[in-house]
Amino acid sequence: MASETSGDGRDDGQHGGRTGRYATDQNAVDTRVQEYYSGRTGWDEHARLTVGSAQGRVEHTRTQELIRQHLAPGARVLDVGGATGVHAAPLADDGYDVLLVDPVAAQVARAAQHGTFEARVGDARDLGGPGLDLADDEFDAVLLLGPLYHLASRADRLLALREAVRVTRPGGTVVAAAITRLAALVGGGYEFFPPTAWQAILEHGHAPDDIGFPAAHFHDAAELAAEAVEAGLSDVVVHGIEGAAGGALERVRLDAPEAPQLIDAALTLARVLSTTPGVTDMSQHILAIGIVAP
18 MASETSGDGR DDGQHGGRTG RYATDQNAVD TRVQEYYSGR TGWDEHARLT VGSAQGRVEH
78 TRTQELIRQH LAPGARVLDV GGATGVHAAP LADDGYDVLL VDPVAAQVAR AAQHGTFEAR
138 VGDARDLGGP GLDLADDEFD AVLLLGPLYH LASRADRLLA LREAVRVTRP GGTVVAAAIT
198 RLAALVGGGY EFFPPTAWQA ILEHGHAPDD IGFPAAHFHD AAELAAEAVE AGLSDVVVHG
258 IEGAAGGALE RVRLDAPEAP QLIDAALTLA RVLSTTPGVT DMSQHILAIG IVAP
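The opening residue of the sequence shown carries number 18 in this note's numbering; numbering runs sequentially from there.
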């Protein structure tokens, strides 16, 4: 039986996880984002992608590959939700002109320590706000490698995407990441949610409000593409980042003897099957890449 929804397509919150609620209160999600990424919970997003599991290495490597395919030498890049600079730093090291924006001051401070790019506190939904004041057409490319995870309503996600489009020059590129609906149930997730929550995740992308990660929405490839197009992007292509092996690789430590071979194999599969219908949604993360109309 399909769950009841409110007028904006969100679930009414009566069929969720252990508490029976979904993460529809954006103010509550924003507070959890601050707590989760500030270090108060012990979580280290930088370590996840650099020294944690084999999955993190595949995700980072493949994301960098896909971004760089759309950047001209010396391009000006805005990294929105850029955390500690895990993607901004290697881009800056290779000569790209990078500005990082993140809502968590502690992450911005850590990012600024790289010293190779500018980092500012700001919200993906208001890139023209105080402290940012970003004008139209300022950047060759804009990266949204996280904000969409934490925005519960389609309206807020479109707002973030439209802001990215606004500050990107005509002909420039917007790259937006999402967590897939299947990823929410990989790695034992199904053990933490009752079947009613699985249904809400798989059918609508609703995130239960009682999980540790401050997720607000899970996408499928078709939904992410539709949001990108509605925000004003053209020639949108959605890629699976890790491929179908990502969930299994979370169980493989990066320093495990078998890790290098497994990473190479996973990257090969991810590249070959990047846009294969059906397989894309088996990745833990997907990446929509679109062009701002000239």
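A virtual CB, placed ideally from N, CA and C, is assigned to each residue, including glycine.
Quiz prompt | Nearest to Gln81 (by Cα), restricted to the options Arg198, Pro274, Ala177, Asp111 | solution = Asp111
Practice problem: Can you grab the Cα-Cα spacing for the pair Ile196 / Thr293, in whole Å? | Solution: 17 Å
Quiz item: By Cβ distance below 6 Å, which residues in the same chain neighbour Val316 in space, the five residues on each side in sequence not counted?
Solution: In the structure as shown, the chain begins at 18 and stops at 311. Residue 316 is therefore absent and cannot be evaluated.
Quiz item: Identify the residues that DSSP records as bridge partners of Ser70: which are they?
Solution: Arg270
Quiz item: Alpha carbon to alpha carbon, what distance is there between Trp60 and Tyr53?
Solution: 7 Å
Quiz item: With a cut-off of 8 Å, do at least 3 Cβ pairs link the segment 298 to 305 to the segment 273 to 286?
Solution: no
Self-check item: Stretch-stretch touch, CB-based, cutoff 8 Å, three pairs: the segment 65 to 81 with the segment 36 to 51
Solution: no
Quiz item: So is Gly102 buried or exposed if we call it buried at 16+ other beta carbons inside 10 Å?
Solution: buried
Exercise. Could you tell me which of Ala123, Val289, Asp114, Thr48 sits nearest to Ile258, measuring between CA atoms?
Key: Val289
Quiz item: Less than 8 Å separating the beta-carbons of Ala234 and Gly222?
Solution: Inspection of the sequence shows that residue 234 is occupied by His rather than by Ala. Going by C-beta atoms, His234 is nearer than 8 Å to Gly222.
Quiz prompt | Residue from Ala89, Ile84, Val68 whose Cα sits closest to the Cα of Ala105 | solution = Ile84
Exercise. Jot down the residue ranges of each uninterrupted alpha helix (DSSP H) in the segment 82 to 131, minimum 4 residues, whole runs only, in chain order.
Key: 105 to 110, 122 to 129
Exercise. Kindly indicate which residue of Ala200, Arg268, Val191, Leu271 has the alpha-carbon position closest to the one of Gln86.
Key: Val191
Quiz item: In this structure, does DSSP put Arg79 in helix, strand or coil?
Solution: helix
Quiz item: Straight-line CA distance for Glu155 to Arg174?
Solution: 21 Å
Exercise. Could you have a look at Ala136 and say whether DSSP puts it in helix, strand or coil?
Key: strand
Practice problem: Just mark Ser55 as buried or exposed, buried being the case when its beta carbon has 16 or more other beta carbons within 10 Å. | Solution: exposed
Exercise. Could you round the C-beta distance between Gln72 and Glu275 to whole angstroms and report it? I think they count as a contact, below 8 Å.
Key: Incorrect: roughly 14 Å between the Cβ atoms, too far for contact.
Quiz prompt | Option in Thr58, Ala232, Asp47, Ile308 with minimal Cα separation from Gly189 | solution = Ile308
Quiz prompt | Reference Leu117; option with closest CA among Asp96, Val253, Leu149 | solution = Asp96
Quiz item: In its own chain, which residues sit with a C-beta less than 7 Å from the C-beta of Ala141, not counting the 5 before and 5 after it?
Solution: Val97, Gly98, Leu161, Pro164, Ala177, Glu180
Quiz item: Which class does Leu284 belong to by DSSP, given the choice of helix, strand or coil?
Solution: helix
Self-check item: Which residues DSSP lists as bridging Phe156, in chain order
Solution: Thr185
Exercise. Grab the span of the beta strand (DSSP E) containing His302 for me, first residue to last.
Key: 302 to 309
Exercise. Ignore the nearest five residues each way along the sequence and tell me which others in Arg183's own chain have a CB closer than 6 Å to its CB.
Key: Asp153
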